[in-house]
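Q: Chains as they are written, first to last, in this note's numbering: chain A, 1 to 51; chain B, 52 to 281.
Every residue gets a Cβ at the ideal spot worked out from N, C-alpha and C, and that includes glycine.
None of these values were measured; they are calculated from a predicted model.
Below you will find the structure I want to go over with you.
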Amino acid sequence: MKNFWYLFAAYTFIWTAVFAYIYTIAQRQQTLEQDIKALQQAMERRIGKGD
Amino acid sequence: MNKLGDSWLLSLIGLTGLAVIVSLYLVFVYVPTELIMGIVQRIFYFHVPSAWVGFLAFLVAFVAGIAYLMRREPRWDMVEVSSIEIGVLFSTIALVTGSIWARPIWNTWWTWDPRLTTTLVMWLYYVASLMLRRVVDSEDRRARFGAILSIVGFVNVPVVFLAIRLWRTIHPVMFSSEGFEMAPGMLLTLGSSLVTFTLLYLCLLVIRVRIEYLSSELSRLRQLSIPARS
Numbered sequence: 001m002k003n004f005w006y007l008f009a010a011y012t013f014i015w016t017a018v019f020a021y022i023y024t025i026a027q028r029q030q031t032l033e034q035d036i037k038a039l040q041q042a043m044e045r046r047i048g049k050g051d
Numbered sequence: 052m053n054k055l056g057d058s059w060l061l062s063l064i065g066l067t068g069l070a071v072i073v074s075l076y077l078v079f080v081y082v083p084t085e086l087i088m089g090i091v092q093r094i095f096y097f098h099v100p101s102a103w104v105g106f107l108a109f110l111v112a113f114v115a116g117i118a119y120l121m122r123r124e125p126r127w128d129m130v131e132v133s134s135i136e137i138g139v140l141f142s143t144i145a146l147v148t149g150s151i152w153a154r155p156i157w158n159t160w161w162t163w164d165p166r167l168t169t170t171l172v173m174w175l176y177y178v179a180s181l182m183l184r185r186v187v188d189s190e191d192r193r194a195r196f197g198a199i200l201s202i203v204g205f206v207n208v209p210v211v212f213l214a215i216r217l218w219r220t221i222h223p224v225m226f227s228s229e230g231f232e233m234a235p236g237m238l239l240t241l242g243s244s245l246v247t248f249t250l251l252y253l254c255l256l257v258i259r260v261r262i263e264y265l266s267s268e269l270s271r272l273r274q275l276s277i278p279a280r281s
């Protein structure tokens, strides 16, 4: 099992990088969806008031 | 996105998950340990696919850049910027895993070998291009600027690929005119990892393009809401 820690470090880095990226884009998507929903609701309220 | 698009994306994610499990099984259980390098050689099965996805992502960005300049459709800009971002991620993985693999085999973390140097130049260029895009305020100008950057940057990609054939290098040549120089089991494992990483790239690209679409939708709604506010 010589050099096992190099193998471990490489695979840990790969999956950490991939999952960190997936987490980041999931957060971005969630924030954008919330902003769009909030803006749509605000616009609907204004149209309802006749502004 | 519609329900058909969602179910298609979920199927793709499911298929990718299955491919990841199969590849991990092949890498850690099925494939025999290489005689000279030992266990650390198993880095190869995810290092090469990472580099491959980097090349593929920059190729897609290059094609999308040309398509944008020809048709001026925002969707091509969305594909281009998304693909570059994913390409940078996988090029980073290729550089870091290569460095970790080099330490026990070459006795150094880094050497200014042609393949390593050209890869680093390529990586720096695309990171810089993502940063430079943000400087431009106008959407249309930003898209044109991004398209030109992705087209110019792609010139370096064949140089990276051919570096081990054009110059003297310590980086191993994986395949030559005589075909792949490895045992069938190793070739199968590598093939499986290449398919897995390509599927992973497709999943990430679809999700990332979706974010670009949402972002443009938000900008459009904000512009529409301005007259309502004033």
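Would you tell me roughly how many angstroms separate the C-alpha atoms of arginine 28 of chain A and isoleucine 90 of chain B, rounded to the nearest one?
A: Here the question's residue 28 of chain A lines up with position 28 in the first sequence. Here the question's residue 90 of chain B lines up with position 39 in the second sequence. Approximately 38 Å, taken between the alpha carbons.
Q: Against chain A, does leucine 265 of chain B count as a neighbour if the rule is that its beta carbon must be under 8 Å from one of theirs?
A: As a working note, residue 265 of chain B is residue 214 in the second sequence. For leucine 265 of chain B, the answer is yes, since a Cβ of chain A falls inside 8 Å of its Cβ.
Q: If you drop the 5 nearest sequence neighbours on each side, which residues of the same chain put their C-beta closer than 7 Å to that of arginine 259 of chain B?
A: Indexing the second sequence from 1 puts residue 259 of chain B at position 208. The residues are Ser133, Glu136 and Ile137.
Q: Looking at the structure shown, is phenylalanine 231 of chain B part of a helix, part of a strand, or coil, going by DSSP?
A: The residue you call residue 231 of chain B lines up with position 180 of the second sequence. Strand, per DSSP.
Q: Near isoleucine 117 of chain B, which residues of its chain fall below 7 Å by C-beta distance, leaving aside the five closest residues on each side in sequence?
A: Sequence index remark: in the second sequence, residue 117 of chain B carries index 66 (1-based). Here the set comprises Ile202.
Q: Out of B:Leu146, B:Arg219 and B:Leu107, which one is the CA nearest neighbour of glutamate 32 of chain B?
A: In the structure as shown, chain B starts at 52 and stops at 281, and residue 32 of chain B therefore has no counterpart that could be examined.
Q: Determine whether the Cβ of threonine 143 of chain B lies closer than 8 Å to any Cβ atom of chain A.
A: As a position in the second sequence, residue 143 of chain B is number 92, starting the count at 1. Chain A contact via Cβ: present.
Q: If you reduce the DSSP assignment to three classes, tell me which class aspartate 57 of chain B lands in.
A: The residue given as residue 57 of chain B occupies position 6 in the second sequence. Note: aspartate 57 of chain B maps to helix in three-state DSSP.
Q: Which residues of the segment 125–152 of chain B have a Cβ closer than 7 Å to any Cβ of chain A? Give them in chain order.
A: Taking 7 Å as the Cβ-Cβ cut-off against chain A, the residues of the segment 125–152 of chain B that qualify are Leu140, Thr143, Ile144, Val147, Thr148, Ile151 and Trp152.
Q: Just grab the DSSP bridge partners of glycine 89 of chain B for me.
A: Start at 1 with the first residue of the second sequence, and residue 89 of chain B comes out as number 38. DSSP, once it has assigned bridges, lists B:Glu85 as partnering glycine 89 of chain B.
Q: Nearest to valine 208 of chain B by CA position, among B:Val187, B:Thr169 and B:Ala198, is which residue?
A: Residue 208 of chain B sits at position 157 when you count from the first residue of the second sequence. That would be B:Thr169, whose Cα lies nearest to the Cα of valine 208 of chain B.
Q: Counting only the same chain and skipping the five closest in sequence on each side, list residues whose C-beta sits under 7 Å from that of valine 172 of chain B.
A: Against the second sequence, residue 172 of chain B aligns to sequence position 121. Closer than 7 Å at Cβ, skipping near neighbours: Asn207.
Q: Just the Cα atoms here: how many angstroms apart are tryptophan 163 of chain B and histidine 222 of chain B?
A: The sequence position of residue 163 of chain B within the second sequence is 112, counting from 1. The sequence position of residue 222 of chain B within the second sequence is 171, counting from 1. Computed Cα separation, rounded: 11 Å.
Q: DSSP three-state call for asparagine 247 of chain B: helix, strand or coil?
A: Working through the second sequence from its first residue, we reach residue 247 of chain B at position 196. A quick correction: the sequence has threonine, not asparagine, at residue 247 of chain B. It is helical.
Q: Let me know the secondary structure DSSP gives lysine 2 of chain A once reduced to three states.
A: As a first step, residue 2 of chain A must be located in the first sequence, where it is residue number 2. DSSP places lysine 2 of chain A in coil when its eight states are reduced to three.
Q: When the Cα atoms are used, what is the spatial distance from alanine 112 of chain B to leucine 256 of chain B?
A: As a first step, residue 112 of chain B is located in the second sequence; it is residue number 61 there, counting from the start. As a first step, residue 256 of chain B is located in the second sequence; it is residue number 205 there, counting from the start. Each residue's alpha carbon lies about 11 Å from the other.
Q: Can at least three beta-carbon pairs, one atom from the segment 71–88 of chain B and one from the segment 237–250 of chain B, be found at a separation below 8 Å?
A: Because the criterion of three Cβ pairs below 8 Å is met, the segment 71–88 of chain B and the segment 237–250 of chain B touch.
Q: Give the single residue among B:Leu77, B:Phe141 and B:Arg126 whose Cα lies nearest to the Cα of valine 20 of chain B.
A: This structure gives no information on residue 20 of chain B, because the portion of chain B shown stretches from 52 to 281.
Q: Just curious, the alpha helix (DSSP H) that serine 134 of chain B is in, first and last residue?
A: Working through the second sequence from its first residue, we reach residue 134 of chain B at position 83. Serine 134 of chain B -> alpha helix (DSSP H) spans 125–157.
Q: Can you pull the chain A residues whose beta carbon is under 8 Å from the beta carbon of isoleucine 90 of chain B, in chain order?
A: Your numbering for residue 90 of chain B matches position 39 in the second sequence. Within chain A, the residues near isoleucine 90 of chain B are Met1, Lys2, Asn3, Phe4 and Leu7.
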